[in-house]
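Going by this note's numbering, the sequence shown opens with residue 60, and the numbers climb by one from there.
Yeah, the Cβ is synthetic: ideal placement off N, Cα and C, and Gly gets one too.
It should be emphasised that the depicted structure is a prediction, and the values quoted were computed from it without experimental measurement.
The structure appears right after this line, and notes come after that.
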Amino acid sequence: MYGIKRRIFPRHGEAALLGRLERQDALTASPVEIAEAPCIPPTVDTPAVEACIAVEAAVLEVPEPASPVEIEAPAEIAAPAEVVVPAQVEAPAEIPTPESVRCTEETEFATWLWLEQENMKLVARHLGLAAFDWNGLPLRRAGDSSQDIVPAVRDLLVRLKEEGVECVMILPWLKHGGADKAAIAYLRTLGARMPGRVLAITTEAADSPWLSRLPAGVSVLEWARVCDWPYAAVAADNLSWLLSRLRPRVIHVMNSWLGWELLLRDGMRLRAVSRIFVSLFWYGPSDHGNLRGYAPEYLPKVIGNVDGVITDNKVFPIVLNRDYGFPLDIFHCVWHPTDHIADRPLPVRQHVLTFLWASRFAPEKRLDILAAIASSRPKYRFVVFGALDGEMPMLADSLQILAGLPNVTMGGAFDGFESLPIDECDAFLYTSSSDGMPNVVIEALAHGLPLVAPLVGGVGDLLDADTGWVVSQFDSVSSYLAAIDDLAAHEALRPVRAANALARLRERHESSAFEKALLAVPGYVSGQ
60 MYGIKRRIFP
70 RHGEAALLGR
80 LERQDALTAS
90 PVEIAEAPCI
100 PPTVDTPAVE
110 ACIAVEAAVL
120 EVPEPASPVE
130 IEAPAEIAAP
140 AEVVVPAQVE
150 APAEIPTPES
160 VRCTEETEFA
170 TWLWLEQENM
180 KLVARHLGLA
190 AFDWNGLPLR
200 RAGDSSQDIV
210 PAVRDLLVRL
220 KEEGVECVMI
230 LPWLKHGGAD
240 KAAIAYLRTL
250 GARMPGRVLA
260 ITTEAADSPW
270 LSRLPAGVSV
280 LEWARVCDWP
290 YAAVAADNLS
300 WLLSRLRPRV
310 IHVMNSWLGW
320 ELLLRDGMRL
330 RAVSRIFVSL
340 FWYGPSDHGN
350 LRGYAPEYLP
360 KVIGNVDGVI
370 TDNKVFPIVL
380 NRDYGFPLDI
390 FHCVWHPTDH
400 IADRPLPVRQ
410 HVLTFLWASR
420 FAPEKRLDIL
430 AAIASSRPKY
440 RFVVFGALDG
450 EMPMLADSLQ
460 ILAGLPNVTM
470 GGAFDGFESL
480 PIDECDAFLY
490 TSSSDGMPNV
500 VIEALAHGLP
510 LVAPLVGGVG
520 DLLDADTGWV
530 VSQFDSVSSY
540 LAAIDDLAAH
550 EALRPVRAAN
560 ALARLRERHE
570 SSAFEKALLA
580 VPGYVSGQ
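Written out as structure tokens, the structure reads:
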């Protein structure tokens, strides 16, 4: 092609070479001088560029790709002996040296461009695009991707860089809930190992009353309060810009819609500079034949941009492998911890058999099932705690029935399982139709309560015929009644099965077991 054997890099190699040559202005220099000349703005026409390409190609050593395509030029064509410069192009008197080249842009702007260049080097290497020397790129305003970034985000980048943030967890909020409690456990472990270098980002414009529970050594950034974002896309773009330049070692998305959108839009770019982890617990509430939630709606699109999927049960990875074919080795089960595990089960009380029910009020919690159970067993007492999770008119009838039953006590919202009247109850009743490993189930067993529940989600990791009473069908009132009646008829089995459940909890859900499992996730804490 140019009288020598060359290796052409598909798609980007030729453009890379031309791009570098077009930035040279030393058209009358020798081949060696051309190769070593500093990058300055272009002032050449097409014939001059073509002449320079011949000489530059002869002296430029291009790295070999994995599968190059060789093009052998005819042997009779030799490289030109000298560069022919058109008469209208006037050669410079001398080639500027790097010391004589002065940046005319503002110092602050040049700093952002340097960060952009450094970031793109890592991205290119990760994607296998580094077919030329990135250090030869000049700082220039054209194509600056930081022009739409709000000033507050620029300031945040400077501050967070100074803090040396290594781990970022992206959450919707921190309020009452099992996933929120699990997030605090993660942050507690990370904060203890990397004090001052852990950042929790909440993305939703909602109150986070549990921010006060975060341990020392963990910083908080409420993204919705950084700016009055006009669109979600703008918020996502700014967050991507911040994280791709902050370059934390780990980014972990847990239940944040904006976080999943971030991975969908810029996951490949972020994975070039950070390890990416996501948490998935189970499918969301779904219609028949139409799965919903982060797992079915996002994971198939971003699976190539994550380093690991962390679950709180061993069942969901098997289900996702069956439904989508995801490889099992990308999943890591980390059972969530509980701060309290009783020494022994609660003693059997000689009173009216009382069942405790506690959760948020939502469609998947099947309050209709609970109301039907309580109506069918007036000889038992049911203590119900919870509150509506937003406006849900479809629950109005069930709540009205429960409130009107004489054997039901409505206790309202609760702040932590330990605030419930545990000593006044004989067993815990769980009626959800969809869940991962419910934190409320872990807490109930940890306080020594016998459990009655269906094997939905990951509940089967803890519950079987040795550790509680299994409901055969989650949507069948008669199945619940059979399990409840069996518990009532076998008083001596209650402490036995509750003790077996406590033993299983100590093995999997103590804080030390949680930390050990988290440390075993490749690249999450240890950085391997």
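Between the CA atoms of residue j and residue i - distance to the nearest angstrom
i    : j    : result
F473 : L323 : 36 Å
E550 : V407 : 7 Å
S492 : L379 : 18 Å
M451 : S457 : 11 Å
R567 : P554 : 20 Å
P437 : A241 : 36 Å
V309 : A446 : 35 Å
Y539 : F487 : 12 Å
P268 : Y439 : 36 Å
V209 : R304 : 15 Å
V279 : H410 : 48 Å
T397 : S418 : 17 Å
Y342 : D494 : 8 Å
V499 : F375 : 18 Å
V212 : V515 : 43 Å
M496 : I428 : 20 Å
W416 : T468 : 10 Å
E569 : L561 : 11 Å
S35  : L552 : Since the first residue shown for the chain is 60 and the last is 587, residue 35 is missing from the structure and cannot be characterised.
L578 : P359 : 26 Å
D214 : D207 : 14 Å
I335 : V580 : 12 Å
W319 : G527 : 36 Å
A291 : R252 : 33 Å
E423 : G237 : 15 Å
W288 : A401 : 47 Å
Q532 : G326 : 40 Å
Beta-carbon gap between residue i and residue j smaller than 9 Å
i    : j    : result
Y583 : I369 : yes
A557 : G519 : no
A524 : H395 : no
G449 : F340 : no
P254 : A275 : yes
P509 : V529 : no
L298 : L317 : yes
A431 : V511 : no
V312 : L301 : no
R256 : C286 : no
L595 : V443 : One cannot answer for residue 595 here, as it falls past the ends of the chain, which runs 60 to 587.
W282 : A294 : yes
R328 : D366 : no
F441 : L464 : yes
S338 : D371 : yes
A433 : F476 : no
L564 : L522 : no
A505 : H399 : yes
CB contact check: residue i to chain C, cutoff 9 Å
i    : result
C286 : As a matter of chain content, chain C is missing from the structure shown, which is built from one protein chain.
First through last residue of the beta strand (DSSP E) which encompasses residue i
i    : result
L510 : L510 to P513
R440 : R440 to F444
I481 : Taken as a continuous stretch (DSSP letters only), I481 belongs to no beta strand (DSSP E), as it is neither H nor E.
D346 : G343 to D346
S338 : R334 to S338
L415 : T413 to A417
Range covered by the alpha helix (DSSP H) that runs through residue i
i    : result
P359 : L358 to V361
W319 : W316 to R330
D456 : A455 to G463
D474 : That residue, D474, is in no alpha helix (DSSP H); it is neither H nor E in DSSP.
A430 : L426 to S435
Original post:
Quick check: the region 539-558 against the region 380-392, are there 3 or more CB pairs under 8 Å?
Top reply: no
Original post:
Which ranges does the beta strand (DSSP E) cover as unbroken runs of at least 3 residues, wholly within the region 220-308, from first to last along the chain?
Top reply: 226-230, 257-261 and 277-281
**OP:** Please determine if the region 558-577 and the region 243-257 are in contact, where contact requires at least 3 C-beta pairs separated by less than 8 Å.
**Re:** yes
Subject >> Three CB pairs or more closer than 8 Å across the region 404-423 and the region 476-485 >> reply: yes
Original post:
Taking three-plus beta-carbon pairs below 8 Å as touching, is the region 220-232 in contact with the region 256-275?
Top reply: yes
Original post:
For the region 209-227 against the region 350-365, are there 3 or more C-beta pairs whose distance is under 8 Å?
Top reply: no
Original post:
At what residue ranges does the region 351-404 contain a whole run of the beta strand (DSSP E), taking only runs of 3 or more?
Top reply: 367-370 and 390-392
Original post:
Curious, which full-length beta strand (DSSP E) runs of at least 3 residues does the region 486-571 contain?
Top reply: 486-488, 510-513 and 528-530
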